[in-house]
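Colleague:
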Amino acid sequence: MVANLLDVLCMAEIIEIPVELTHFQLPEAVQERLRFLLDRQDAGEALTLAERREAEGLIELTEFLSLLHLRSKRVMQQR
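Every letter in the sequence shown is one number past the one before it in this note's numbering, and letter 34, counting from 1, is 25.
#1: How about Gln32 and Leu38: are their beta carbons less than 7 Å apart?
#2: For Leu28 and Gln69, I'd like the C-alpha separation in whole angstroms.
#3: Check whether the stretch 40 to 52 and the stretch 14 to 29 are in contact - that is, three or more C-beta pairs closer than 8 Å.
#4: Leaving out the 5 sequence neighbours to the left and right, which residues in its chain are closer than 7 Å to Glu42 when beta-carbon positions are compared?
#5: Only counting the same chain, and skipping five residues up and downstream in sequence, which positions put a Cβ closer than 7 Å to that of Glu45?
#6: For my contact list, Phe15 and Leu58 are in at a C-beta cut-off of 8 Å; report their separation, rounded to the angstrom.
#7: Give me the residue from Gly35, Arg62 and Thr53 with the minimum Cα distance to Glu19.
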């Protein structure tokens, strides 16, 4: 999924993104849930299939938001 998101972000067409969206962060409860899942995995506990999928989805969302922030920052610097 991240590769597809990168493809979208790298398109030649310019897409206006609302400033509010570029400052969006995952809610604290969602960040805590991701930390909880990753800490369990790091401790050697096996995650269920549903937990693995949840963690992977949250990681992809976090990566997408990071890319969005970086793109926004670059655009703002070029203005």
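Heads up, the beta-carbon is just placed ideally off N, CA and C, and yes, glycines get one too.
Modeller: Put simply:
#1: Here residue 32 refers to the residue found at position 41 of the sequence shown. Here residue 38 refers to the residue found at position 47 of the sequence shown. With a cutoff of 7 Å on beta-carbon distance, Gln32 and Leu38 are scored as near each other.
#2: Residue numbering aside, residue 28 sits at position 37 when the sequence shown is read from its first letter. Residue numbering aside, residue 69 sits at position 78 when the sequence shown is read from its first letter. Going by the C-alpha atoms only, they are around 38 Å apart.
#3: The stretch 40 to 52 and the stretch 14 to 29 touch, with no fewer than 3 CB-CB distances between them shorter than 8 Å.
#4: For the purposes of this step, residue 42 is identified with residue 51 of the sequence shown, where counting begins at 1. So the list reads Leu28, once near-sequence residues are dropped.
#5: For this step, residue 45 is matched to residue 54 along the sequence shown. By the criterion of a C-beta distance shorter than 7 Å, Glu45 is surrounded in its chain by Leu28, once the five residues flanking it on both sides are discounted.
#6: For this step, residue 15 is matched to residue 24 along the sequence shown. For this step, residue 58 is matched to residue 67 along the sequence shown. In fact, because the Cβ distance is near 12 Å, the residues do not count as touching under 8 Å.
#7: Locating residue 19 in the sequence shown gives position 28, counting from the first residue. Sorting Gly35, Arg62 and Thr53 by C-alpha distance to the C-alpha of Glu19 places Thr53 at the top.
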